[in-house]
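What follows is a single structure, written as structure tokens, with notes after it.
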Amino acid sequence: MSDKGPGVRILMYLFGKPYLPYRQMFLLSQLKFLLLISAFLLPVAFYFPWWYELDPMIGRSFNMLGSINAFVEKGDLEKMATFTLEEATPTFSDEPDDVDPEASMAFNMLLLEGRLLSREEVDKAIEGQETSLEEGNGVDYEKLAHWFEYWSSSLEARPGLRQLFSRYKKMIITAKKNVSKYDYELDDIYLMLDSGPKASGFFSHYIVFLVDGAPWWDSTHPGLPFRVSGRKNEERWRNGYLAEGHYSAPRFDPDTPWYNPRPLYATDEYGTWFTLSVTQKLDKTLAVISVDLSADKVEATITQAKMAAFGFLFILFLISYIISLLRSKEITRPISALVEGAEQVMAGNYDHVVPHVGKGEFITLVETFNKTSGWVREKVHLKETVSKLLSEELAELAARDGLTLGGEEVNCTVMFTDFASFSTISKNLSPREIVNTLNTYFAINVELIKKHGGFTDKFIGDGIMAMFGAPIKTHDHALRATRCAIEMQRAMREINDKRRKEGLTVFEMRIGLNSGSAVVGSIGSNIKMEYTSIGEVTNLAQRMESICKIGHVMMTETTHDQLGDARLDNVWIDQTPNYESVKGYATQISTFGVYVSEWKITANPTSKNRDDFYIIERVNRGPRSGK
1149 MSDKGPGVRI LMYLFGKPYL PYRQMFLLSQ LKFLLLISAF LLPVAFYFPW
1199 WYELDPMIGR SFNMLGSINA FVEKGDLEKM ATFTLEEATP TFSDEPDDVD
1249 PEASMAFNML LLEGRLLSRE EVDKAIEGQE TSLEEGNGVD YEKLAHWFEY
1299 WSSSLEARPG LRQLFSRYKK MIITAKKNVS KYDYELDDIY LMLDSGPKAS
1349 GFFSHYIVFL VDGAPWWDST HPGLPFRVSG RKNEERWRNG YLAEGHYSAP
1399 RFDPDTPWYN PRPLYATDEY GTWFTLSVTQ KLDKTLAVIS VDLSADKVEA
1449 TITQAKMAAF GFLFILFLIS YIISLLRSKE ITRPISALVE GAEQVMAGNY
1499 DHVVPHVGKG EFITLVETFN KTSGWVREKV HLKETVSKLL SEELAELAAR
1549 DGLTLGGEEV NCTVMFTDFA SFSTISKNLS PREIVNTLNT YFAINVELIK
1599 KHGGFTDKFI GDGIMAMFGA PIKTHDHALR ATRCAIEMQR AMREINDKRR
1649 KEGLTVFEMR IGLNSGSAVV GSIGSNIKME YTSIGEVTNL AQRMESICKI
1699 GHVMMTETTH DQLGDARLDN VWIDQTPNYE SVKGYATQIS TFGVYVSEWK
1749 ITANPTSKNR DDFYIIERVN RGPRSGK
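According to our numbering, the sequence shown is numbered sequentially starting from 1149.
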């Protein structure tokens, strides 16, 4: 196999040295063809919105601006400009960013309503409307009244000027209504004043409004500043109408690449807009009539055109890919068969056999693949089988190292646990309480069994059966089981102390242990199997539990002997065997008790209160006699 990577191979192919597999070479040829189509198609798609959507919009807007410009008389503009420059602008130029919105509301209320509306009329009019107020703020009626008085007195000092502003305001509103029949969104029309970029002071950075077509609660007023310097899009718009003179329309944004042109937008907190302008030169300033158009529809058209272009290219690529599959079928058939085989194995079909296709090394590769698939099948089958018996961790260990699933005789230790007088106490508990209580104890005990290398065989009512030394063989299974039993009883003390403080029901446990050769294996059917032990060792372990002292551990002499010299700290162990009569056995069984505390626990069957069912007394067991 070559050590050249795919990138090197593609470069070699592009420079005339084919080194790609047939299918890749064929696909690369198709990609070359698609690149040629893309070089023509994509620019067309990117420029399409200009002549399909934006140019007609600009044309209709300039027709409207032309009509407004024809209606506007230069003398009227001079009068409004003089008022704005001499009276209004000085009032608002000191703090242009802190102008009260009530100033604009009052001016336009004077033009449209002719009077100061009452507080109730104002609130009703602006309810649910977009206003020039900051979000969450209401109208300051005192400021509104102040500004209404200011505008009234200022305009009354110039006879006819109020009527002039009102006439142009209503004319612009009418123009906005007339344009609504067109399928595009017009935000507003403005009359503005610009002294040019060479002006000094305030006008070097700002242009100002004269009048607009918005309702009184969302309007501007004469002298309201609009900053253009230091704002990229606004400066481009201003430079556009200053350079072009009479008319100015959106152009390409110079910051966008040639292959992905975008219109020059003006963006603010209200959205994205195109601005078109027509100008009239006045005595000292330039009157600018502007219209803001929403860019949403053009943006949508740009997006649709791009999606259509890329969609078309994708379809062409898909067709090319299908053709390459058909043309390269004979050459790639062995690889396809192996890929299919790998997919079948990944999907869990381990019985799939890859047919012998191709020649030479392909035959060897197919045979190796089939052998590997068979090996994986055996391992997975083993893991699935033992997963019915063991935890996931033990199942993986068994699948790796092997495990005898059939019956076998194993030297192991069997543990049985049981709660003393469980049936008597549980009569006074609800089903939910019984289940929750058992789950609390079982969760701790099962975790401890796992910690000491044991296998939780099954739950038998309120008891647990566990094995140590099977199915994973360990030589010290008796010691593991004994240490586990001791820790389980100590854990019971901690659990019960906590539950008593919480006023919950407690149970006390007995544990029995027995060691020896037991028959272990998977017992059950194809639907449900259990790995368990049967025979004398198992039966006697259960008998040890039944004769065990409550709260302690009882083991047979066999288990005791297998402990050898191992130490068990902080416990008392009988130094000599006890001989117990056990059900099912003709002779007495020698046993050893393991006492984990100085507490003697007995059941009080006459108690009707679950809280004092167990009688716990301290006894003197003498010196600890752990092995």
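For each residue, glycine too, the CB sits at the ideal point set by N, CA and C.
Check: Would DSSP call Pro1363 helix, strand or coil?; Outcome: coil
Check: Quick check on Glu1290: does DSSP put it in helix, strand or coil?; Outcome: helix
Check: Do you know how far the Cα of Val1528 is from the Cα of Gly1699?; Outcome: 43 Å
Check: Terminal residues of the continuous alpha helix (DSSP H) containing Glu1705?; Outcome: 1705-1710
Check: Does the stretch 1680-1692 come close enough to the stretch 1715-1725 that 3 or more CB-CB pairs lie under 8 Å?; Outcome: no
Check: CA-CA distance, Leu1577 and Met1703?; Outcome: 32 Å
Check: Of all the options Thr1585, Ala1443, Tyr1743, which has the alpha carbon lying nearest to the alpha carbon of Pro1771?; Outcome: Tyr1743
Check: Check the C-beta distance from Met1615 over to Cys1560 and give it rounded, since I have them as a contact under 8 Å.; Outcome: 5 Å
Check: Whose C-beta lies closer than 6 Å to the C-beta of Ala1229 among residues of the same chain, with five residues either side of it excluded?; Outcome: Leu1341, Leu1430, Thr1433
Check: Starting from Asn1757, trace the alpha helix (DSSP H) in both directions and tell me its first and last residue.; Outcome: No alpha helix (DSSP H) contains Asn1757, which DSSP labels as neither H nor E.
Check: Quickly, what does DSSP pair Asn1726 with across the bridge? List them, please.; Outcome: Thr1739
Check: Going by the CB atoms, is the gap between Ser1738 and Glu1693 shorter than 8 Å?; Outcome: no
Check: Is Glu1765 helix, strand or coil when you go by DSSP?; Outcome: strand
Check: With burial defined as no fewer than 16 other Cβ atoms inside 10 Å of the residue's Cβ, what is the status of Leu1183: buried or exposed?; Outcome: exposed
Check: Below 8 Å on the Cβ atoms is my contact criterion, and I expect Arg1631 with Leu1716 to pass it. Report the Cβ-Cβ distance as a whole number of Å.; Outcome: 7 Å
Check: Closest to Arg1648 by CA distance: which of Ser1209, Asp1248, Phe1761 is it?; Outcome: Phe1761
Check: Which residue's Cα is closest to the Cα of Gly1371: Pro1363, Ser1377, Glu1275, Phe1350?; Outcome: Phe1350
Check: Between the alpha carbons of Pro1204 and Glu1447, how many angstroms are there, rounded?; Outcome: 15 Å
Check: Taking only three categories from DSSP, how would you classify Phe1350?; Outcome: helix
Check: From Phe1567 to Glu1556, what does the alpha carbon distance come to, in whole angstroms?; Outcome: 31 Å
Check: Taking the alpha-carbon of Asn1584 as reference, which of Thr1520, Ala1639, Val1654 has the nearest alpha-carbon?; Outcome: Val1654
Check: For Arg1628, which residues of its own chain have a beta-carbon under 7 Å away from its beta-carbon, when the five flanking residues on both sides are left out?; Outcome: His1600, Gly1601, Gly1602, Phe1616, Thr1622
Check: For Gly1214, which three-state DSSP category applies?; Outcome: helix
Check: Whose C-beta lies closer than 6 Å to the C-beta of Ala1362 among residues of the same chain, with five residues either side of it excluded?; Outcome: Asp1336
Check: Note down the Cα distance separating Ser1484 from Val1514, rounded to an integer number of angstroms.; Outcome: 11 Å
Check: On the DSSP bridge list, what partners appear for Lys1575?; Outcome: DSSP output for Lys1575 lists no bridge partner at all.
Check: What's the gap between the Cα of Leu1486 and the Cα of Gly1522?; Outcome: 15 Å
Check: So what does Ala1435 bridge to, in DSSP terms?; Outcome: Leu1341, Gln1428
Check: Within the same chain, show all residues whose beta-carbon is closer than 7 Å to that of Ser1209, passing over the 5 residues directly before and after it, in chain order.; Outcome: Leu1424, Val1439, Leu1441
Check: With a CB to CB cut of under 7 Å and the five nearest residues on each side skipped, what residues in its chain are close to Leu1303?; Outcome: Leu1309, Arg1310
Check: Quick one: Cα of Gly1611 to Cα of Phe1740, how far?; Outcome: 21 Å
Check: Examine the Cβ distances between the stretch 1253-1261 and the stretch 1291-1300 and report whether three or more of them are shorter than 8 Å.; Outcome: yes
Check: Which residues in the same chain as Glu1365 place their Cβ atom closer than 7 Å to its Cβ, once the five residues preceding and following it in sequence are excluded?; Outcome: Checking the sequence, you will find Trp at residue 1365 rather than Glu. Taken in chain order, the residues that qualify are Met1253, Ala1273, Ile1274, Gln1277, Thr1279.
Check: Using only alpha-carbon positions, find the residue among Phe1570, Asp1499, Leu1225, Phe1607 that is nearest to Val1436.; Outcome: Leu1225
Check: How many whole angstroms separate the CB atoms of Phe1564 and Met1613, which I take to be in contact at a CB cut-off of 8 Å?; Outcome: 6 Å
Check: Applying the 10 Å Cβ sphere with the 16-neighbour rule, what's the burial state of Asp1360?; Outcome: buried
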